[in-house]
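Residue numbers (our numbering), protein chains in the order written: chain R, 1 to 338; chain C, 1001 to 1338; chain A, 2001 to 2338; chain Y, 3001 to 3338.
Glycine included, each C-beta is placed from N, C-alpha and C at the ideal position.
This structure is a prediction, so every number in the text was calculated from the model and none was measured.
First the structure, in the form of structure tokens, and then the observations on it.
Protein chains: 4
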Amino acid sequence: MIITFKKDAPVKEIQELVSILENSGIKIADASSENLGLFGLIGDTSVVDIDKIQAYSWVIEVTRITVPYKKASRQFHPMDTIVDVCGIKIGGSEKVVIIGGPCSVESVEQIDEIAQGVKAAGAVLLRGGAYKPRTSPYVFQGLETEGINILKKAKSKYGLPIVSEIMSVEKIDEFVENVDVIQIGARNMQNFDLLKKVGKTNKPILLKRGLSNTIQEWLMSAEYILANGNPNVILCERGIRTFETLTRNTLDLSVISIVKKLSHLPIVIDPSHATGHWELVETISLASIVAGCDGLIVEVHNNPEKALSDGQQSLKIEKFKTLVEKSRKLAQFIGRDI
Amino acid sequence: MIITFKKDAPVKEIQELVSILENSGIKIADASSENLGLFGLIGDTSVVDIDKIQAYSWVIEVTRITVPYKKASRQFHPMDTIVDVCGIKIGGSEKVVIIGGPCSVESVEQIDEIAQGVKAAGAVLLRGGAYKPRTSPYVFQGLETEGINILKKAKSKYGLPIVSEIMSVEKIDEFVENVDVIQIGARNMQNFDLLKKVGKTNKPILLKRGLSNTIQEWLMSAEYILANGNPNVILCERGIRTFETLTRNTLDLSVISIVKKLSHLPIVIDPSHATGHWELVETISLASIVAGCDGLIVEVHNNPEKALSDGQQSLKIEKFKTLVEKSRKLAQFIGRDI
Amino acid sequence: MIITFKKDAPVKEIQELVSILENSGIKIADASSENLGLFGLIGDTSVVDIDKIQAYSWVIEVTRITVPYKKASRQFHPMDTIVDVCGIKIGGSEKVVIIGGPCSVESVEQIDEIAQGVKAAGAVLLRGGAYKPRTSPYVFQGLETEGINILKKAKSKYGLPIVSEIMSVEKIDEFVENVDVIQIGARNMQNFDLLKKVGKTNKPILLKRGLSNTIQEWLMSAEYILANGNPNVILCERGIRTFETLTRNTLDLSVISIVKKLSHLPIVIDPSHATGHWELVETISLASIVAGCDGLIVEVHNNPEKALSDGQQSLKIEKFKTLVEKSRKLAQFIGRDI
Amino acid sequence: MIITFKKDAPVKEIQELVSILENSGIKIADASSENLGLFGLIGDTSVVDIDKIQAYSWVIEVTRITVPYKKASRQFHPMDTIVDVCGIKIGGSEKVVIIGGPCSVESVEQIDEIAQGVKAAGAVLLRGGAYKPRTSPYVFQGLETEGINILKKAKSKYGLPIVSEIMSVEKIDEFVENVDVIQIGARNMQNFDLLKKVGKTNKPILLKRGLSNTIQEWLMSAEYILANGNPNVILCERGIRTFETLTRNTLDLSVISIVKKLSHLPIVIDPSHATGHWELVETISLASIVAGCDGLIVEVHNNPEKALSDGQQSLKIEKFKTLVEKSRKLAQFIGRDI
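Here it is, written out as structure tokens:
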């Protein structure tokens, strides 16, 4: 970290800042010149609160050289993290994991038909929302506990571990007990209390990137989970908000390479939310595999026209089967597998 | 609401859609022409889930004519909502309410000095964060319950009702009991569980706009609170994320007129987060008063250089006093008061 | 196009609007109900100026059902456009065209070495900027006419047609005479005078998408060129501006499928500007091929560290060779070739 | 400017960089520590091309401390620039200048009626577009030279100097001869050739901010004009593109204070484009005056419903009169005048 400051800064305040930093274990290299004050900070600067330094009126700029996350950084953890979900490995360079299922759990029959379908197609995890974040209070909000129970039934029948979104710290116990991967949705990426709570469990956490968040903010949210003791974080890119209106969101594909360079955590892609249209899902999925993702989480419905949510972006089971087949061939072509 | 669709759509599916809509109490005016199917939907379309209609492959487009929020809409509630906070009225066309205080509660002495200062300057509510949403898990996270108690002490000594941010549904009871205005932060604007919970209380809620959210999404979040029974919602614009880097956020000033037209809810402006720099706070505050805001919520610190958070955007007590004086004169000039 | 309007609109003004529309050859289907006025517009609505309709105070909303571009639309031109550049075909479903070269033309030796290198690697066109749009007036602005001459020399020596960016209508003659593909840069996507001028030539035009423009705006810019008589438009996605700071821009990969659906024009990807970092270029290139792009335009430099512009995002010749090899294998895998 | 770099960088390349910088007149303060290379650059760093430094693979980061524009910077020109337009002063702290007129020049009668109206209301300059940047090639593109002549007639009759937008370098002579303030539109803010050309005249230039451009990019475009010899630049904020759809653009109000701090150039606000709705124009205008703008450029039409462009955001003459009256009172209240 580098602090530049005006040469006419009050000596007393400079000394104060220096002693605050030194008390945090930071060493300071003074590199001031005639016209410009300049401190290089050496040590673990992730504990330094930039805001506090910038509050001094004589500070010109504070620039980070090292990243503010430590446990999420590949620098301190060079090997890929591989998250184990009931024996299924997410991360590493071998398998690309396929997760399929509906946006919302709607009924026993719906989940049974979809679970059977995605299993047969090659999915190894089942996704389904029991608690749904909806922008309107007047539309379907999910089956809640009943939905979780329906997913469990399908899990025991088809042997598919389940991924489901948590929306509230109050439901932590229910999720820890019943769900195999706890999903944190895009709108909760900076719900820090929820991050702390899931960080105190040892469940795999699928952390979606927020709609307008930077990669660094996303890794800082992962850091919240890791810092609270849970190493099982799976990142999930699901598109960011842009000015384009023909797609629901815009997939940031570079994110895969960047995350792989900066962090050791696995990353999966959600092509359904990234586009908002089922016609685009296959193409985006294949491109993501080539770009190096560790998995795909795809919305699949037995009857998209009657889906209680997100029908427009859900694949029919038959189309999903084709997608998995093409994905497998492509994964094998680039030296991985499904 | 208008649905346009292809003329070769399967009759059975059209009939199905029609009967779903009619069962929701919607009347349908069929205005199809030779080349284009077109339904006009008449009735309370706020209950209609657009996603479900768009999931039919033959639907071309669904366009809302009326807004999807009902209780937040001025159409159904022409009179201004005036929220009463311990006798202080927020909303209506008379007073512009001034709220001042630090970003974070840090100590008894700090709050005492600031509360005394902002009270003397003309503020009628005291703000202060006891639970802090911070992007890094390694920096100060707030004094929590101790912070709330410090605020209560200042409230009883100076007669200033308190505004503080809630971050988790688990703390609802603590906030209902101790805080006068419960703030929902920008990052929690779409934390729907939290919205439902504060909607079940009758406390005044200060609902900040999300960093990249549209006005309609914001009013839908207000609708969550209203629909759960709590009419005491105060909207708060605090700037949105843009490509500009010289300010922390960009204040969307048009929002005041638009919200006043679309909704009956009061709106206050947070010039501190909107800019991120104390030098800009006064100008933005005065412009907001001219634009018709019902209040200002301003970060004030007795010693910004040593603030544990957001020191860069906090006014010193003396500067805050000047701001209130100028604001009062300007409010009087435009026929309001402070 | 659908116009909704208030039922209490002045009859005279409605009649006026109707006759304006009918005079443009539009047929109107009146589908008004008791509460809402509603006109369906049938015919070529690309000539209708939405702004003028919305200017009536009683108009509620104007919604397009058909696209405002006609010549760029696949609806009116179902077959793929294949642009012929000196015998090289861009578009269609066979070849993926590789374009390589430096950001700026710097010297005879530089271009000679790079042209030889990219040719050997498998590129079929040479790119190079002679006129450079730079944000600062104080940095290298290009060799101008000398740069064009250097490119021509390389063309005649290595048989590589050249792509170069035009910045001003004043240079049209120079470009028509000397350049094989005229590039319109992202910052000039809505320089309508320049679009009209290149539309009056019959040269192939590479039209880059603007930094914050939607796909529809981009196709409208293509429409300017087509409407002026030049059918030889190649679209080029080069990333859009987002809040992410780790990449120079964010590649919008869905754009390929969407453009292919909406339009018949070929589309190439610029992975260098889309990312801003040479390490990301290969991955993004391969993903783009899988996503169906018709070509890649890649920055290549013999000595990136000493490039006069964009060195950070330029591939060395050796790396470019690897990229083309991998691209060829992947293209063949998906049934195309290079 | 500060360059940080890896300690294992090749000595030869470091020496090369050092000598390049020193040859540009830059002095280098070496402040490297054990773990990190660090150079402080002293001197006129506006000539340094950051891209070229970042192209060295061993460079970690390059950070500007001083701004890259020099002539536009208040640092090197502490006094306010006051641009003289036929005797009317724009800039300084006295007058707020009112510019009114239609989006497009449509006919002699239209301009005559509007010019008379805005003059009577208190405007001192007349705006009107003769060349129109339209997203569709199929809608009205302006009366071109005829439009300019109509404006000149109104100028000579009412004594109002005229502001009109140039779209092409080819029209420079026409504009220099006939127009008093040459407007560069938002879409041409980075049309560097056009900037250079108007920089070679001595006409007042109204430079609009681009739709998604930062303040620094905007000042760099001003720098292009200043560096070419023309000191008469007036900045114009007209709103930036955001995710909000209820307004055409979002006015960035902080821009006024920031520009006044960073630069000596005058700044006017365009409340018509900033909002896109005439109902919002008055509020935004008044807020802008309080925020310190040096002028307003407002769209006014004698018959907005029949305007050939932008009718929705144009004020009727009567409303414009009210706006000027309120603006005058407010300007006087804050110690300025109109």
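Flagged as an interface residue toward chain A: D252 of chain R, by a C-beta distance shorter than 8 Å. Ranked by Cα distance from I1099 of chain C, the options C:E1279, C:A1120, C:D1008 and C:V1255 are led by C:A1120. Of all residues in the region 3217-3245 of chain Y, the ones placed with a Cβ closer than 8 Å to any Cβ belonging to chain R are R3241 and F3243, in chain order. In chain order, L3036, G3037, L3038, I3060 and E3061 place their CB closer than 7 Å to the CB of T3004 of chain Y, counting only its own chain and leaving out the 5 sequence neighbours on each side.
When Cβ-Cβ separations below 8 Å define contact, T1045 of chain C makes no contact with chain Y.
Beta-bridge partners of A29 of chain R (DSSP): R:G40. Counting only runs that start and end inside the region 3235-3291 of chain Y, the alpha helix (DSSP H) elements of at least 4 residues fall at 3255-3262, 3271-3275 and 3278-3290. T1322 of chain C counts as exposed, since fewer than 16 other C-beta atoms from the protein chains shown sit within 10 angstroms of its C-beta. For T3081 of chain Y, the closest of Y:I3267, Y:M3001 and Y:V3290 by C-alpha to C-alpha distance is Y:I3267. About 5 Å separates the CB atoms of P204 of chain R and V85 of chain R; that is less than 8 Å, so the two are in contact. For the C-beta of A2287 of chain A, the chain R residues within less than 8 Å are, from N- to C-terminus, L253, A287, S288, V290 and A291. Beta bridge pairing from DSSP links H1301 of chain C with C:K1316.
Considering only beta carbons, the part of the region 3031-3061 of chain Y lying closer than 9 Å to chain R consists of A3031, S3032, S3033, E3034, N3035, L3036, L3038, G3040, I3042, I3060 and E3061, in chain order. Nearest to E2094 of chain A by C-alpha distance, out of A:D2294, A:I2317 and A:P2304, is A:D2294. Beta-bridge annotation (DSSP): G1229 of chain C is not paired with any residue. Around L3280 of chain Y, the beta-carbon contacts reaching into chain C at under 7 Å are S1254 and S1257.
Against T4 of chain R, the close residues of chain Y are I3002, G3040, T3063 and I3065, in the order they occur along the chain (beta-carbon pairs closer than 9 Å). Under the Cβ distance rule, Q3015 of chain Y does not count among the residues neighbouring chain A, no pair being separated by less than 8 Å. Taken in chain order, the complete alpha helix (DSSP H) segments of 4 residues or longer contained in the region 1160-1198 of chain C are 1172-1178. Note that the C-beta distance between I1088 of chain C and V1097 of chain C is below 8 Å. From the listed residues C:G1129, C:N1303 and C:G1091, the smallest Cα separation to T1145 of chain C is found for C:G1129. No Cβ-Cβ contact shorter than 8 Å links K3132 of chain Y with S3272 of chain Y. The beta carbons of P68 of chain R and M167 of chain R sit no closer together than 8 Å. Counting of Cβ neighbours within 10 angstroms places K2260 of chain A among the buried residues, the total reaching 16 or more. Sorting C:K1155, C:N1249, C:N1230 and C:R1064 by C-alpha distance to the C-alpha of N1202 of chain C places C:N1230 at the top. In the pairwise beta carbon analysis, the region 1036-1055 of chain C is classified as touching the region 299-308 of chain R: at least three pairs are separated by under 8 Å. The three-state reading of DSSP puts K1208 of chain C in strand, counting E and B together. Counted as a single uninterrupted DSSP element, the alpha helix (DSSP H) harbouring T3145 of chain Y occupies residues T3145 to Y3158. The C-beta distance from S1032 of chain C to V1048 of chain C rounds to 19 Å, too long to fall under 8 Å, and the pair is not in contact. The beta carbons of I317 of chain R and G122 of chain R sit no closer together than 8 Å. Cβ contact annotation for G3091 of chain Y (same chain, cutoff 7 Å, sequence separation greater than five): D3080, T3081, I3082, V3083, P3266 and D3294, in chain order.
Three or more pairs of CB atoms, one per stretch, sit closer than 8 Å, so the region 3180-3189 of chain Y contacts the region 3155-3162 of chain Y. Taking CB atoms only, A29 of chain R has a neighbour in chain Y less than 8 Å away. The alpha-carbon separation between E2279 of chain A and I258 of chain R amounts to approximately 10 Å.
Only residues of its own chain outside the window of five on either side were considered, and among them none has a CB closer than 6 Å to the CB of K2319 of chain A.
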